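Accompanying notes for the structure given below.
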Amino acid sequence: MSELSRTSLVQWFVECDVFTNESIEQELASRGLGHDSISRYPDMIGSDGKLHDVLLIPGTFVKKLKSARLNDRRFQFRFWKRNSSKGTIYPADFVEQKPLSETEKFRAIAKRLSEISLAKKK
């Protein structure tokens, strides 16, 4: 079995406002690509049962858009994804979660160490 057939294709979508949409098109133009490099999917069915107007974007744009939103609050969008080239899109909210604070990380580590210690005592 080839490596490609073992991994599923993840497609990334963004549902955005006009400002964000225009910014994406400008970014593509700066890379020498036209707006035709992004596939538009009006009225795509989401896992919430609603229709969404989304753009299919390269996976490399996910991190770039997330970073852009941190630097400029005018960017308004939501990530969606699907694990094949057909089917329903699902929210990719995990991409937008805030990182754990140092305190939360410490608590998680302390809890795990406690669990390991208790398991060894048994």
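Those letters in the sequence shown? Residues 7 to 128, by my numbering.
All C-beta atoms, glycine included, are put in the ideal place defined by N, C-alpha and C.
Because the structure is a prediction, the values reported are computed rather than measured.
Touch test, the region 82-93 against the region 16-34, Cβ-Cβ under 8 Å, three pairs minimum:
yes
Whole angstroms are fine: how far does the CA of E121 sit from the CA of S73?
If you draw a straight line from the Cα of S73 to the Cα of E121, it is about 36 Å long.
CB Q30 to CB V60, shorter than 8 Å?
Reading off the sequence, residue 30 comes out as Ile, not Gln. Contact flag unset, no.
Spell out the partners DSSP gives K87 in its beta bridges.
In the DSSP output, where bridge partners are listed per residue, K87 has W18 and Y96.
Starting from R46 and walking both ways along the beta strand (DSSP E), at which residues does that stretch end?
S45 to I51
Rounded to whole angstroms, what is the Cα-Cα separation between G93 and V68?
20 Å
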